[in-house]
Amino acid sequence: MGFIRKFLEKKKRRVFVLGLDGMPFTLAQQLFGMGTMPTYKGLTEGQGAFRPIDSVLPPVSSVAWASFMTGKNPGNHNIFGFVDRRPGTLETFIPSCLDLKSETLWEILSRHGKRVVVMNVPTSYPPRKVNGILVAGFESPSVEKATYPSEVGMKLKQMGYRIDIDPWQARQSRKKFVEDLYQTFQKRQEAVLHFMDEEPWDFFIAHIMDTDRMHHFLWRQWEEKDPEFHARFVEFYARVDALIAEVMQRLMDEDELIILSDHGFCRLDKEVYINHYLAEQGWLSFEDGKGDNLSAMSPASKAYSLIPGRIYLNRKGRERDGWIEDADVDSVIDELKGCLLEMKDPASGETIITRCFRKEEAFTGAYCDTAPEMVVLSRDGYDLKGNIKTDALLGPSELVGMHTYNNAMLYSKNSQLRDGPACVTDVMPTILQVMGLNLEGLDGRSLLIQ
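When we follow the numbering used here, the leftmost residue of the sequence shown carries the number 352, and every step to the right adds one.
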């Protein structure tokens with residue numbers, strides 16, 4: 352009977368998830384070696400597991416966290432990028448949780464009687480009803496509108512909680528950006544610890560967008576050991592480690608702690624304007640000769656791109672003036688793939704595109720009709736953009752860091768995880784299994800070793 356009781360208690364243990372947006376596995380290892388994150392390092396040397404994982408296609412936060420929260424690929428949850436288009440008009444828009452066509456992890460747990468606290472996860476605005484508290488992520492227009500139930504927003508506002516930094520300020524002053532970053536993180540930490548202390552919960556996720564923001568604006572300074580900002584980069588991660596220590600003080604031994612990131616990061620050297628290349632190669636044109644937006648695309652166009660590296664054909668019956676027949680899609684994609692793989696940096700002669708994934712290789716599911724025909728990945732340092740109006744293939748960027756598909760990370764305190772290929776989508780079914788639940792119809796697979 353004692354064994355059965357312990358088994359049931361293990362099945363009912365709580366799970367705390369800390370999402371460190373864009374923190375690479377290898378960066379964590381570097382910081383461990385520097386002594387910057389002693390708490391996190393000590394945890395990874397314990398009985399659990401610490402391993403690299405892949406992101407999703409395309410590797411952007413909105414898509415990756417949608418895949419995490421649903422356990423499904425974009426073809427089954429309908430979020431394909433931070434920006435999307437309406438095929439019938441070619442007008443662009445920013446997808447939200449209203450466009451997410453799947454039940455989330457916290458809704459599933461709520462349905463099974465679990466109490467949840469969800470904080471700051473991308474693609475969670477507008478907030479859905481849960482058994483507990485939900486504070487939506489950076490897409491939220493204000494703290495007051497970001498929460499379920501609504502009264503939580505007023506409490507957070509009184510606490511000085513911030514949804515996100517001001518990314519435009521970072522473009523004007525790195526020093527002010529760092530001050531904003533630290534203050535935002537401090538308020539986020541205070542809110543996380545407040546809810547851990549004051550609210551009952553079975554599942555708690557705290558997402559930290561601030562790591563991604565810092566990487567975008569300070570990655571080069573980190574790599575080059577900038578005399579001012581390298582130290583601030585390292586200090587920020589020391590503060591993240593202090594948060595991990597605070598969380599650990601509030602967890603019981605049997606509780607599971609999961610720390611993960613949604614994609615990797617590397618230095619950004621140049622922006623790549625794929626639509627410029629498509630126009631130059633005769634795949635894309637605009638009715639007025641030089642379009643300011645996608646809706647100005649001429650009917651004669653064969654293909655266009657949305658950020659990052661999503662390639663769409665001008666398909667008959669889908670796009671506004673589409674004319675490419677379904678029977679011709681495969682041959683057109685083959686031709687376009689060859690063209691994209693020939694794209695080179697004029698200065699160095701290096702090829703820019705390293706991998707091309709056809710739709711059927713990247714996605715499966717009910718929403719593939721509106722998915723891109725291809726997703727392409729670039730060489731590190733070349734950030735793929737969807738700008739319409741540019742005068743050259745390559746250009747400088749205000750950012751110094753960019754996302755990578757590989758080198759995301761996953762840590763679990765008490766659970767052994769299998770080796771082999773794994774991605775962000777696999778984490779959700781892993782959490783369900785830790786909490787004693789199994790759900791059919793997911794694309795991800797639990798990583799737990801039985």
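We treat Cβ as the ideally placed atom computed from N, Cα and C, and that holds for glycine.
| Check | Outcome |
| --- | --- |
| Terminal residues of the alpha helix (DSSP H) in which Phe-580 lies | 580 to 601 |
| Segment contact flag, the stretch 647 to 666 with the stretch 676 to 696, C-beta cutoff 8 Å, min 3 pairs | yes |
| Selection from Leu-608, Phe-528, Phe-444 and Arg-437 that minimises the alpha carbon distance to Ala-400 | Leu-608 |
| Selection from Val-623, Phe-554 and Phe-489 that minimises the alpha carbon distance to Gly-787 | Phe-554 |
| Reduced DSSP secondary structure (H/G/I, E/B, other) of Leu-468 | It should be noted that the sequence gives Val, not Leu, for residue 468. In this structure, Val-468 counts as strand in the three-state DSSP scheme. |
| Rounded straight-line distance, which links the Cα of Val-468 to that of Ile-484 | 5 Å |
| Length-filtered (4 minimum) alpha helix (DSSP H) runs lying within the stretch 362 to 401 | 376 to 385 and 389 to 395 |
| Chain-order list of residues whose beta-carbon lies under 7 Å from that of Asp-563 (same chain, five-residue window excluded) | Asp-372, Gly-373 and Ser-412 |
| Cα-Cα separation, Thr-535 to Asp-639 | 44 Å |
| Distance between Lys-710 and Ala-759 (C-alpha atoms, nearest Å) | 23 Å |
| Ranges of the alpha helix (DSSP H) found wholly within the stretch 470 to 518, counting only runs of at least 4 | 502 to 509 |
| Alpha-carbon to alpha-carbon, Val-481 and Leu-768 | 29 Å |
| Inter-stretch contact (C-beta, 8 Å, three-pair minimum) for the stretch 665 to 676 and the stretch 726 to 733 | no |
| CA-to-CA distance, Thr-715 to Leu-359, given in whole angstroms | For Leu-359, the predicted model reports a pLDDT of 44, less than 50, meaning its position is unreliable and no value from the coordinates is stated. |
| Met-352 to Asp-606 span [Cα, whole Å] | Bear in mind that a pLDDT of 36 at Met-352, under 50, signals an unreliable position, so the number given afterwards is only what the model happens to contain. Whole-angstrom Cα-Cα distance: 22 Å. |
| Alpha carbon of Val-585 to alpha carbon of Pro-438, nearest angstrom | 44 Å |
| 6 Å Cβ shell around Lys-338 - same chain, five flanking residues per side excluded | Residue 338 lies beyond the stretch modelled for the chain, which goes from 352 to 801, so this question has no answer here. |
| Gln-801 to Pro-780 span [Cα, whole Å] | 14 Å |
| Alpha carbon of Thr-440 to alpha carbon of Phe-708, nearest angstrom | 26 Å |
| Three-way DSSP call (helix, strand, coil) for Gly-689 in this model | helix |
| Contact set for Leu-790: own chain, Cβ-Cβ below 8 Å, skip 5 residues either direction | Gly-422, Ile-459, Pro-780 and Leu-783 |
| Simplified DSSP state of Gly-615, which is helix, strand or coil | strand |
| Entirely enclosed beta strand (DSSP E) segments - the stretch 676 to 733, minimum 3 residues | 704 to 709 and 725 to 729 |
| Those residues which DSSP pairs with Val-623 across a bridge | Leu-735 and Leu-745 |
| Short Cβ contact (8 Å threshold) for Ala-542 with Tyr-499 | no |
| Beta-carbon proximity of Phe-637 to Thr-755, cut-off 8 Å | no |
| Distance between Asn-765 and Val-751 (C-alpha atoms, nearest Å) | 36 Å |
| Under the three-state DSSP convention, the category Thr-755 falls into | strand |
| Ile-355 (DSSP reduced to helix, strand or coil) | Note that Ile-355 has pLDDT 42, beneath the 50 cutoff, so the model's placement of it is unreliable and the number below is only indicative. In the structure shown, Ile-355 sits in a helix (DSSP, three-state: H, G or I). |
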